[in-house]
Amino acid sequence: MKLNSPLQAYKFLPGTNCGECGETTCMAFASHLIDRSLKLTDCTPILDDKFKKKYAELDGLLAPEIREVEIGVGDNIVKIGGDDVLYRHKLTFFNQNALAYDVWDTMDEADLVARVEQIRDFKKFYVGEYLLLDMIAVRSISGDPKKFADTVKKVMDTTDLPLILCSFNPKVLKAGLEVAGDKNPLIYAANKDNWQEVADLALEYNVPVALFAPNDLDMLKSLAKTFLEMGMENLVLDPGTFPTGKDLRTTLHNFLKIRRAGIAGDRDIAFPIMAVPLTAWMAHDDPVSASYWETVVASVFTIKYGDIMLLHSIEPYALLPEMHIRDTIYTDPRKPVTVDPAVNEVGSPTADSPVIVTTNFALTYYTVESDLSSNDIDCYIMAVDTDGIGVEAAVAGGQLTAAKIKKGLDDAGFDLKDKTSHNTLILPGLAARLQGDVEDEVGSNVMIGPPDSGRIPGWMETNWPPEKK
Ligand code: SF4
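Letter 428 of the sequence shown, counting from 1, is numbered 1558 in our numbering, and no numbers are missing.
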């Protein structure tokens, strides 16, 4: 049985409404357990021995269908898997897929360090946050354990990002683990030939391990079952990534079968899945085609259940689409992305600068902000609290009203008469029908801007400053 309502979870809680978890009632706490915004251990009374049985039972029922696996340690720890649904809109996907970019042990040292630094330092500001790369995959090309260990060491000297140690040779993996074993790397991979030795290493170093059975789901399941019986639960499944033609379709079907079985309750195969879009480089000689197809394959498996990816191209034209599609898929559909309601400065506004109204839907806000700052327009932007809803829908739904705008100005302590020489607000074109109401409620002049912020610079040329009344 999987819990999916607060009432079901509530039945296992102490029921005393003591408030120690920070919630006023056990029922409120139960609803946070269901949406995973609080942990069961936040209820300290249930840790008492007398509730031991209920705790164990509830803890098991709350566990996600797909096992959550942690890789790395400290602040950069990566969590993958942990999902309960096949479709994001049915709940949410909890852990975004981890993007690991490769280095290899035949690289020149200076090139190695430069590549690791590039992966470590890449970031892109998008809708109020930085999109970052997650991991380094160290590949053994030489087959030489010492060379591999030296490369792992050099990578660790350059970054704290979590690692994947890649080799089918257990001796090479062991050499890597001797250097990085306490950093909880993922070892890649156990297959039908080396599984016993790799299992011994995973147990000895207590690290997560990837299981590899290309296009053989029975073998993959059998490996997973064997590792589970040996006491290892931190498993990642790689059913092989074939990057072209009909084989790509087969790969997609394999991913779908694994995830459907896992969500349906087949515990032997309910683990995060690894995609290896890097295989596009083996199928295409031309680097531009390889990079293009690698990005296409990464996008396909970001949408369909690739919880962790092994990639090669670190050119911005590959990274940006990969990161953006990931951000889209893994945004929580239950919560609109918002910015704090406020009146913010762009550039160095003065009393003569315009005050431009928008909503606190992050995508709208940052689009407006970017259009203004990139055109060097010194101004104020007012983000009105519309519960994260965009302008047109917020006007229609009553989240953007004259009263909300007045409240936003009051809460921000922004007195238009005091702070500006013009006592004027500029409403978005899509909120034109609020003009009269806002003039009455706020007691200011109201101008109607263009329907999209990209046209504000042109609009300013002919409309700003306003005529004195
Ligand atoms: S700490 Fe536990 S018992 Fe107390 S209110 Fe929260 S859920 Fe209920």
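All C-beta atoms, glycine included, are put in the ideal place defined by N, C-alpha and C.
1) For my contact list, residue 1581 and residue 1555 are in at a C-beta cut-off of 8 Å; report their separation, rounded to the angstrom.
2) Ordered along the chain, which non-local residues of its own chain (more than five positions away) have a Cβ less than 8 Å from that of residue 1367?
3) Can you give me the start and stop residues for the alpha helix (DSSP H) that residue 1286 sits inside?
4) Give the single residue among 1532, 1289, 1420 and 1139 whose Cα lies nearest to the Cα of residue 1166.
5) Which stretch, first to last residue, makes up the alpha helix (DSSP H) that contains residue 1160?
6) I believe residue 1407 touches residue 1373 by the beta-carbon criterion, under 8 Å. Please report the beta-carbon distance rounded to the nearest angstrom.
7) Please state the DSSP three-state secondary structure of residue 1460.
8) If you draw a straight line from the C-alpha of residue 1208 to the C-alpha of residue 1263, how long is it?
9) Can you name the start and end residues of the beta strand (DSSP E) that residue 1554 belongs to?
10) To test your reading of the DSSP string, which unbroken beta strand (DSSP E) runs of 3 or more residues are found completely within the stretch 1147-1220?
11) With 16 other CB atoms within 10 Å as the buried threshold, where does residue 1552 fall?
12) When you compare the CB positions of residue 1531 and residue 1513, do they come within less than 8 Å of one another, or not?
13) Inspect the beta-carbon positions of residue 1467 and residue 1461 and report whether they are closer than 8 Å.
14) Taking all protein chains shown into account, do 16 or more other C-beta atoms lie within 10 angstroms of the C-beta of residue 1386, making it buried, or fewer, making it exposed?
15) Between residue 1174 and the rest of its own chain, which residues show a CB-CB distance below 7 Å, the 5 nearest in sequence each way excluded?
16) Buried or exposed for residue 1255, please, with buried defined as at least 16 other CB atoms from any protein chain shown within 10 angstroms of its CB.
17) If residue 1282 and residue 1309 are in contact, beta carbons under 8 Å, what's the gap, nearest whole angstrom?
18) Ends of the alpha helix (DSSP H) at residue 1398?
19) Going by Cα to Cα distance, which pick from 1392, 1301 and 1265 is closest to residue 1246?
20) Quick test of your reading: residue 1314 and residue 1152, contact by CB under 8 Å. State the CB separation rounded to the nearest angstrom.
21) Less than 8 Å between CB atoms is the rule here; does residue 1558 satisfy it with respect to chain C?
22) Give me, in chain order, the residues of the same chain whose beta-carbon lies closer than 8 Å to that of residue 1416; leave out the 5 immediate sequence neighbours on both sides.
23) Is residue 1144 near the ligand SF4, going by C-beta to nearest heavy atom under 7 Å?
24) Would you check if there are 3 or more beta carbon pairs closer than 8 Å linking the stretch 1420-1435 to the stretch 1495-1507?
25) Less than 8 Å between the beta carbons of residue 1546 and residue 1578, yes or no?
26) Check for me: the alpha helix (DSSP H) holding residue 1332 runs from which residue to which?
27) Near residue 1600, which residues of its chain fall below 8 Å by C-beta distance, leaving aside the five closest residues on each side in sequence?
28) Taking 6 Å as the limit between beta carbons, can you name the residues of its chain near residue 1537, skipping five residues before and five after?
29) Give me the Cβ distance between residue 1595 and residue 1482, rounded to the nearest whole Å; I'm assuming they're in contact under 8 Å.
30) Judging by CA-CA distance, which residue of 1148, 1249 and 1219 is the nearest neighbour of residue 1229?
Let's see:
1) Position 451 of the sequence shown, counting from 1, holds the residue named residue 1581. Position 425 of the sequence shown, counting from 1, holds the residue named residue 1555. That belief does not hold up - the Cβ atoms of residue 1581 and residue 1555 are roughly 16 Å apart, past 8 Å.
2) On the sequence shown, residue 1367 is found 237 positions in, with the first residue counted as 1. 1340, 1341, 1350, 1354, 1388, 1399, 1401, 1402, 1403 and 1404, listed in sequence order.
3) Translated into positions along the sequence shown, residue 1286 becomes position 156. Note, residue 1286: alpha helix (DSSP H), 1275-1288.
4) In the sequence shown, counting from the first residue as 1, residue 1166 sits at position 36. Per the Cα distances, 1139.
5) Mapped onto the sequence shown, residue 1160 falls at position 30. Taken as a continuous stretch (DSSP letters only), the alpha helix (DSSP H) holding residue 1160 covers 1156-1164.
6) By one-based count along the sequence shown, residue 1407 stands at place 277. By one-based count along the sequence shown, residue 1373 stands at place 243. Sure, about 7 Å apart at Cβ, within 8 Å.
7) By 1-based counting over the sequence shown, the position of residue 1460 is 330. Helix at residue 1460.
8) Counting from one through the sequence shown, the residue named residue 1208 turns up at place 78. Counting from one through the sequence shown, the residue named residue 1263 turns up at place 133. One C-alpha to the other measures close to 11 Å.
9) Against the sequence shown, residue 1554 aligns to sequence position 424. Its beta strand (DSSP E) spans residues 1554-1557.
10) 1198-1201 and 1208-1211
11) Counted from its first residue, the sequence shown places residue 1552 at position 422. Burial call: buried.
12) On the sequence shown, position 401 is the one that residue 1531 refers to. On the sequence shown, position 383 is the one that residue 1513 refers to. In this structure, residue 1513 does not lie closer than 8 Å to residue 1531 by Cβ.
13) On the sequence shown, position 337 is the one that residue 1467 refers to. On the sequence shown, position 331 is the one that residue 1461 refers to. Yes. Within cutoff.
14) Here residue 1386 corresponds to residue number 256 of the sequence shown, with the count starting at 1. The residue in question, residue 1386, is exposed, as its Cβ has fewer than 16 Cβ neighbours within 10 Å.
15) If you number the sequence shown from 1, residue 1174 lands on position 44. Hits under 7 Å: 1150.
16) Residue 1255 sits at position 125 when you count from the first residue of the sequence shown. Residue 1255 should be labelled exposed.
17) Residue 1282 sits at position 152 when you count from the first residue of the sequence shown. Residue 1309 sits at position 179 when you count from the first residue of the sequence shown. Contact holds; Cβ gap of about 5 Å.
18) Counted from its first residue, the sequence shown places residue 1398 at position 268. Here residue 1398 belongs to no alpha helix (DSSP H), and DSSP marks it neither H nor E.
19) Residue 1246 sits at position 116 when you count from the first residue of the sequence shown. Here the closest residue by C-alpha is 1265.
20) Translated into the one-based positions of the sequence shown, residue 1314 becomes position 184. Translated into the one-based positions of the sequence shown, residue 1152 becomes position 22. At roughly 30 Å, the Cβ-Cβ gap does not stay under 8 Å, so residue 1314 and residue 1152 are not in contact.
21) Among the chains of the structure shown, chain C does not appear; only one protein chain is present.
22) On the sequence shown, residue 1416 is found 286 positions in, with the first residue counted as 1. Same-chain partners within the cutoff: there are none.
23) Taking the sequence shown and counting its residues from 1, the one referred to as residue 1144 is at position 14. Under cutoff, so the answer is yes.
24) no
25) In the sequence shown, residue 1546 corresponds to position 416, counting from 1. In the sequence shown, residue 1578 corresponds to position 448, counting from 1. Cβ atoms of residue 1546 and residue 1578: not closer than 8 Å.
26) Locating residue 1332 in the sequence shown gives position 202, counting from the first residue. Element bounds for residue 1332: 1325-1335.
27) Outside the displayed span of the chain (1131 to 1599) sits residue 1600, for which this structure offers no information.
28) By one-based count along the sequence shown, residue 1537 stands at place 407. Once the five neighbours on either side are set aside, residue 1537 has no close Cβ partner at all.
29) For the purposes of this step, residue 1595 is taken as the residue at position 465 of the sequence shown. For the purposes of this step, residue 1482 is taken as the residue at position 352 of the sequence shown. Between residue 1482 and residue 1595 the Cβ distance is about 6 Å, and since that is below 8 Å, they are a contact.
30) Counting from one through the sequence shown, the residue named residue 1229 turns up at place 99. Here the closest residue by C-alpha is 1249.
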